[in-house]
Amino acid sequence: MKNFSFNEYVFNKFPILETERLLLREISLNDAGDIFEIYSNEEVMKYFGKNTYNELKEAELMAERCIKAFKDKEGIRWGITFKNSDELIGTAGIWRIVKEHLRGEIGYDLKISQWNKGIMTEALKAIAEFGFSKMNLHTLEANIDPENIASRKLLYKIGFIKEGYFFESYLQDGKFLDSEIYSLLNTGHS
């Protein structure tokens with residue numbers, strides 16, 4: 020009989036993931052400068068549905084939220100680095116976890132200097148594998164801005180399929196914006 024229960028043990032100790040080029044590690048307050056570089060860039064934030072960071076304190080608060088989410092067993096957000104460097108070049112993780120339905124949402128960001136190098140493809144493949152094999156999730160979802168073609172291509176590349184288009188589904192700066200939902204299923208549960 021298949022096991023259809025969420026694996027809480029993943030929250031006992033922060034999981035370090037390795038890929039061919041990357042180390043996905045715990046985010047710390049020391050990463051605030053790199054987080055600020057990512058979140059203060061208008062091009063990076065263009066499709067996020069929120070404003071760019073203007074102060075380092077905002078990045079520190081983001082790092083604190085990542086740390087707290089793991090501690091509270093609500094999500095895991097990894098800091099992405101190259102194996103030979105401690106510089107954070109991006110973040111990615113699983114949040115909005117619905118344990119009783121074995122579902123979680125992925126989120127990700129990357130320094131603009133690292134775009135189009137296959138980094139996020141490599142990181143998200145490792146995160147999806149972790150979500151399915153270690154957390155025992157059945158579904159991973161992604162919620163993106165319909166105009167974010169690069170994100171759509173990334174999701175298709177790692178096997179996600181488009182599930183829906185939502186009109187005016189979230190509010191930013193007094194304007195309702197659309198979103199697209201993509202999902203990837205754990206074939207081990209089928």
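Residue numbers for the sequence shown, in this note's numbering: 20 to 209. For every residue, glycine included, the Cβ atom is placed at its ideal position computed from N, Cα and C.
Measuring alpha carbon to alpha carbon, tell me which of the options ends up nearest residue i.
{"i": "aspartate 105", "options": "Thr140, Ala51, Met154", "result": "Ala51"}
{"i": "valine 117", "options": "Thr110, Met154, Leu36", "result": "Met154"}
{"i": "serine 170", "options": "Phe55, His157, Ile125", "result": "Ile125"}
{"i": "glutamate 148", "options": "Lys69, Lys21, Phe23, Leu36", "result": "Leu36"}
{"i": "isoleucine 95", "options": "Gly109, Glu79, Ile108, Ile113", "result": "Ile113"}
{"i": "arginine 23", "options": "Glu119, Thr110, Glu79, Lys69", "result": "In the sequence as presented, arginine is not what sits at residue 23; that position holds phenylalanine. When each option's Cα is compared against that of phenylalanine 23, the closest is Glu119."}
{"i": "lysine 136", "options": "Ile168, Ala78, Tyr189, Leu173", "result": "Leu173"}
{"i": "phenylalanine 55", "options": "Glu77, Gly68, Lys69", "result": "Glu77"}
{"i": "leucine 75", "options": "Asp53, Ala111, Met64", "result": "Asp53"}
Go through its chain and collect everything with a Cβ distance to residue i's Cβ below 7 Å, but skip five positions before and after it.
{"i": "phenylalanine 186", "result": "Asp197"}
{"i": "serine 47", "result": "Ala82"}
{"i": "glycine 207", "result": "Phe151"}
{"i": "histidine 157", "result": "Leu121, Arg122, Leu204, Asn205, His208"}
{"i": "lysine 92", "result": "Glu27, Phe30"}
In chain order, what residues of the same chain have a beta carbon less than 6 Å from the beta carbon of residue i, not counting five sequence neighbours either side?
{"i": "serine 59", "result": "Thr71, Tyr72"}
{"i": "aspartate 164", "result": "Tyr66"}
{"i": "glutamine 191", "result": "Gly68"}
Residues in its own chain within less than 8 Å of residue i by CB, not counting five upstream and five downstream?
{"i": "leucine 41", "result": "Ile99, Thr100, Phe101, Lys102, Ile138, Glu141, Ala142, Ala145"}
{"i": "isoleucine 180", "result": "Tyr201, Ser202, Leu203"}
{"i": "phenylalanine 89", "result": "Phe30, Phe33, Glu45, Ile95, Arg96"}
Is the CB-CB distance between residue i and residue j below 8 Å?
{"i": "glutamate 182", "j": "serine 202", "result": "yes"}
{"i": "tyrosine 184", "j": "glutamate 160", "result": "no"}
{"i": "isoleucine 57", "j": "aspartate 128", "result": "yes"}
{"i": "isoleucine 108", "j": "glutamate 62", "result": "no"}
{"i": "glycine 68", "j": "tyrosine 189", "result": "yes"}
Please report whether the beta-carbon of residue i lies at a distance below 8 Å from any beta-carbon of chain C.
{"i": "isoleucine 46", "result": "Chain labels in this structure do not include chain C; a single protein chain is all it has."}
Please tell me whether, using a cut-off of 7 Å, the distance from the CB of residue i to the nearest non-hydrogen atom of the ligand PLP is below it.
{"i": "asparagine 103", "result": "This structure lacks the ligand PLP, and indeed carries no ligand of any kind."}
ask   = Can at least three beta-carbon pairs, one atom from the stretch 21-32 and one from the stretch 73-87, be found at a separation below 8 Å?
value = At 8 Å Cβ cutoff, the stretches do not touch.
Within the stretch 30-111, ranges of the alpha helix (DSSP H) (whole runs, at least 4 residues) = Taking only runs of at least 4 residues, the alpha helix (DSSP H) segments lying wholly in the stretch 30-111 are 51-58, 61-64, 75-90.
task = Note down, one range per segment and in chain order, each beta strand (DSSP E) of at least 3 residues found wholly within the stretch 129-164.
result = You should have 158-163.
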